[in-house]
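Report on the structure given below.
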Amino acid sequence: MSAPLSSLLEHPSLADVRVVAGPRDVLVRSVAGVPGRLEDVSVALSGPAFQGGARSGGALLVVLSPVSALGWQFDAVLRRCAGKGVSAVLLSFAGSSPVALDAGSVLLARRLGVAVLEAPDAWRASVAFHEAIGSSGAAAARLTLRAARIGLNAGPDLEETLGMLEAELGRELLLIDRSGTVLRAKGELTAVEHSLLLRLGERTGPSTIEFGPGRVLLAAPVGTGLAARSWLGAVARADLYGDQAAVLSALEVASVAVGHRLVLTRLASERDARHRTALLEEIRDAGAAVRPSLLKRAIEAGWRLDEWHVGIRLIARGAVDAVAQRSEVLEAFTAEGLEVEIVEQVDGWVLWTSSVQEPSPVELDHVATRIRRAQGRLRATIETSTGVGRAQAGAVGLVSSLGEAGDAARLASSRPQTGYFLHVDRLGLAQLLLAWTQTDTFQPAAEQLLAPLGDLRLTLAAYLDAESSLVEAAAVLGVHRNTVADRVSRIERLLGVDLGDPDTRLALHLACRSVGVEG
Amino acid sequence: MLPPAFTLTTDDVDALALGAALLGCGGGGRVGQLRTLLAHATGDALATVVPASSASGVANVYAVGYIGSITVMEEKLPGGEEIVDAVAAAVRWTGVPADALMPVQIGGVCGLSAVAAAHRLGCPVVDADFEGRAVPRLDQFSLAAAGHPAPPLALTVPGGMTLVLDGTTNQEAVMRAVVAESGGWGALALGPLAVASLPDIAITGTMSAALSVGRALQECLGVAAELVGEALGGRTLAHGRVISVARTAQEESFVHGSFAVLDAETGAVVRIEAGSEYLLVALDGDVVVTCPDIISVLDARTRTPIDAELLGPEQEVIVVALPGPAWWTASPSRLARVSPRSYGIELDYVALQLV
């Protein structure tokens, strides 16, 4: 293993090492520590340990004992180093004030191409260099052990665990979902980095992917057994292989701890979600008679049932994990300045905003606009059909507004031209009525009602649409009016109804609209 | 074998001063004051230099020189009689007349001081010293390295106070304590020593060596920097600017300096470590020479040696090295006295390789 000195010096464990003379661009292949005074170091350099010239090329010589004076002895060490292919010498200085290299030694270091490094503690720096170039498995073992220990000792909070891991690994950690979306990062990632994350999608095990010039992303899969797999990642220098190996093995161990916290978080979220969903269900069922105990639970949940509410319904237009993605919804609405309660549903969420006073039409308009913007924010991760109900007061009003919102959301799902967004206040009454016919109870009934007609459905729909005018219906269908009259009487016979009765006409008209006549 | 006797004249003073400064390896004290003194001596002939052997015709010699801070000596000037007084005191104490004088060390101001005192006393100078260069401590004298018992020592400090130390094994500590309390420097005379014994206990031929290397250096003014070392019988190690200077206190050599020179031609980083004297040179971290070989840093323009005390940033210099006295490297016990380790530098002697 080898690494450029300049890269090694960027490693967090070597932050206190500085170059005082000589080139920075040398390669370090091995680390050798020598105790004693500079004179002893000269002798050691002549000894068998440093025999072999080219073979020991690229060594970093660490003078383990603090140095109190330099002068010719140091020149001699530099010379021996150059002769033995040693690329860098590391010193620590005795006493608090560092001994400055004089101009002669600085020049000589440059002339001989030997880098001179200074660190407060040569022993510690020696070990850190060893580990950073990967000539020792100790770094990997230690980091892994520490990661495991954090996994055991850290609390149930994911962020706390990640924070402790970051402190131990000396670098920030990323949490990335399977699709390459960053779930957690301290700093901002560039667009290029975001696009590079997509490559994780093809990987299955611990991975190293290029991450911009000179850098790699190390990522270990986080398995929770519950949600989609995510990745625990950290950025390292591309040319420090030893460091990469150590960090990646630590990430693998840490990913177990992170996965565990994710499961805990998930369990807590699901418990809360179940509680909310059940509570809302009970309020729906209670109708006008909300019992005091139920009211108390609602208050505990932070729901202000006695206020004015605007119901919102989000129906996901694809697969959705309503529990996991609740936070995204909350984030989107909060970002638009809307304070909402959110309750998870199978296919999405119901939400509502509450206010003490009845909102004015202008305020309602503002709310609708913000909801629309929030839907737009969510679009990056979740496509939804969004419906908004009217402002209504109290628990009954909440249930009613949420019902309207649900109908509006269903309607919106077939309306790409409105951006899959509908607001009940802006809907025609007819569309609303129509929406009601598309409920699960009405539609089978309509289907059953019209079943005997077969192809005559088309005629019935056209006749009713034409305000029961035979002439008009004939024009629409492209047949003679007598044919239409004959078919209408057949319909009356088949269904056993009188189309002169307004109730019957209305019911059949709704049934036609609900079922559709094309099929 | 040994150089024959010769007479030093005032014409030789500049060359001798240059040579003494060079052999001083950046230490031993600046020679300017005594060079001026000698240049104004009465008469042309300063002293006769006789070889360090029984053939010289002189029996007993006293070694003379200065101890303490030569920098203070530049501010608190000698009266001129201090060495003469010290010799007189030693002679009075031992009852053995001074047939001749010799410098305790050839490097720096001491080498010239022996000539000045001999001129004053009208006696010859023996062509030898205890170092062949400059060293900071008495225990680094060849006398001590050879295991010769310490002869009586007379010390005269500015103001005229004279002490005679005899029978002590710790002359240096006593002397330094006295010098510290009485003005920063002192003149010393130690002896008597039999001239015939000098080849074993001293480095011979160093006065004539200083004179000849001084002359060679005088010839170097027009010579390319790279060839200066060779012209001096050694090697040029670097030519360029001083890019860093660091001085700290240190026990073994009293001060410690570390200098870096950037070689203008090769781009090499040349490190010079110094105590009171230059002790070691490393080229790009490779140590190429250490004491007791002679290391000198010359001003690139004037080609005169620069004191280790005075070497500063941005000076353009020529770093040269010459092989040190063979006496020191003849045995491990001798070498141990002047090797880098004797200066607290954890390194064995590295002999200069002549190209």
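So the protein sequences, as listed, match chains A and B.
Numbers 26 to 544, taken from my numbering, label the letters of the first sequence in order.
Numbers 47 to 401, taken from my numbering, label the letters of the second sequence in order.
Where a beta carbon is used, it is the ideal one built from N, C-alpha and C, also for glycine.
Rounding to the nearest angstrom, what Cα-Cα distance links A397/B and R262/A in this structure? Cα-Cα distance, rounded: 50 Å.
Excluding the five sequence neighbours on either side, which residues of its own chain have a C-beta within less than 7 Å of the C-beta of Q79/B, listed in chain order? E120
Inter-residue CB distance, G205/B and G229/B (contact presumed, cutoff 8 Å): 6 Å
Quick one: give me the first and last residue of the beta strand (DSSP E) that L242/A is part of. From DSSP, the beta strand (DSSP E) with L242/A extends over 240 to 247.
Check whether the Cβ atoms of G153/B and A66/B sit closer than 8 Å, and answer yes or no. At a Cβ-Cβ threshold of 8 Å, G153/B and A66/B count as neighbours.
From which residue to which residue does the beta strand (DSSP E) around W148/A run? Counting along the chain, W148/A falls outside any beta strand (DSSP E), though it belongs to the alpha helix (DSSP H) covering 147 to 158.
Whole-angstrom distance between G422/A and L447/A, CA atom to CA atom: 19 Å
So L326/B contacts chain A; which residues on that side make the cut at Cβ distance below 8 Å? W97
Within the 8 Å Cβ cut-off, does R104/A reach chain B? yes
Where I324/A falls, given that 16 or more other Cβ within 10 Å makes a residue buried: The residue in question, I324/A, is exposed, as its Cβ has fewer than 16 Cβ neighbours within 10 Å.
Which residues of the stretch 311 to 326 of chain B have a Cβ closer than 7 Å to any Cβ of chain A? Give them in chain order. G313, V315, R317, E319, L326
Give the range of the beta strand (DSSP E) segment to which I113/B is assigned. 106 to 114
Just the Cα atoms here: how many angstroms apart are E388/A and A434/A? 21 Å
Alpha carbon to alpha carbon, how far is L355/A from V207/A? Give it in angstroms, no decimals. One alpha carbon belongs to V207/A, the other to L355/A, and they sit about 18 Å apart.
Under 8 Å, do L214/A and L198/A count as touching if we go by C-beta distance? no
Sequence ranges, alpha helix (DSSP H) only - wholly within the stretch 229 to 271 of chain B, length at least 4: 244 to 247, 252 to 264
8 Å Cβ cutoff met for R54/A and A140/A: no
Give, in chain order, every unbroken run of the beta strand (DSSP E) that is at least 3 residues long and sits entirely within the stretch 372 to 418 of chain A. The qualifying runs are 373 to 380, 409 to 418.
Indicate whether the contact test is met: 3 or more Cβ pairs, each with one atom in the stretch 280 to 297 of chain B and one in the stretch 321 to 330 of chain B, closer than 8 Å. yes
Closer than 9 Å between beta carbons: that is the criterion. Which residues of the stretch 30 to 52 of chain A meet it against chain B? Listed by position, the residues of the stretch 30 to 52 of chain A near chain B (Cβ gap below 9 Å) amount to none.
Give me the Cα-Cα distance between A51/B and K109/A, rounded to the nearest whole angstrom. 55 Å
Name the chain B residues that come within less than 9 Å of G129/A, Cβ to Cβ? I289, S290, S304, F305, A306, V307, L308, V315, V316, R317
Any C-beta of chain A sitting closer than 8 Å to the C-beta of G237/B? no
So what does DSSP say about I201/A, is it helix, strand or coil? strand
In chain order, what residues of the same chain have a beta carbon less than 6 Å from the beta carbon of L474/A, not counting five sequence neighbours either side? A536
Report the residues of the stretch 53 to 71 of chain A with a CB closer than 8 Å to any CB of chain B, ordered along the chain. Interface annotation for the stretch 53 to 71 of chain A against chain B: R62, E64, criterion Cβ-Cβ distance under 8 Å.
Among E265/B, T375/B, L325/B, nearest to I391/B - alpha-carbon criterion: Ranking E265/B, T375/B, L325/B by CA distance to the CA of I391/B puts L325/B first.
C-alpha distance - A180/B paired with S254/B, whole-angstrom precision: 16 Å
G193/B burial status per 10 Å Cβ neighbour count (16 or more: buried): When all chains shown are included, G193/B counts as exposed.
Pull up the distance between the alpha-carbon of A303/A and that of S410/A, whole angstroms please. The alpha-carbon of A303/A is positioned some 23 Å away from that of S410/A.
Is G78/A close to chain B, meaning its C-beta is less than 8 Å from at least one C-beta of that chain? The pLDDT assigned to G78/A is 45, lower than 50, so where the model puts this residue is not dependable, and the model offers no usable value.
Return the chain-ordered ranges of every beta strand (DSSP E) run that is complete within the stretch 93 to 128 of chain A and spans a minimum of 3 residues. 111 to 116
For a contact meaning CB atoms closer than 7 Å, what does E362/B contact in chain A? Residues of chain A passing the Cβ test: none, with the nearest at roughly 16 Å.
From G43/B to T348/B, what does the alpha carbon distance come to, in whole angstroms? As shown, chain B starts at 47 and ends at 401. That puts residue 43/B outside it, with no answer to give.
Let me see if you follow: with CB-CB separation under 8 Å, is A101/A close to chain B or not? Answer yes: the Cβ-Cβ gap between A101/A and chain B drops below 8 Å somewhere.
Whole-Å CB distance - V56/A paired with L85/A, under 8 Å assumed: 5 Å
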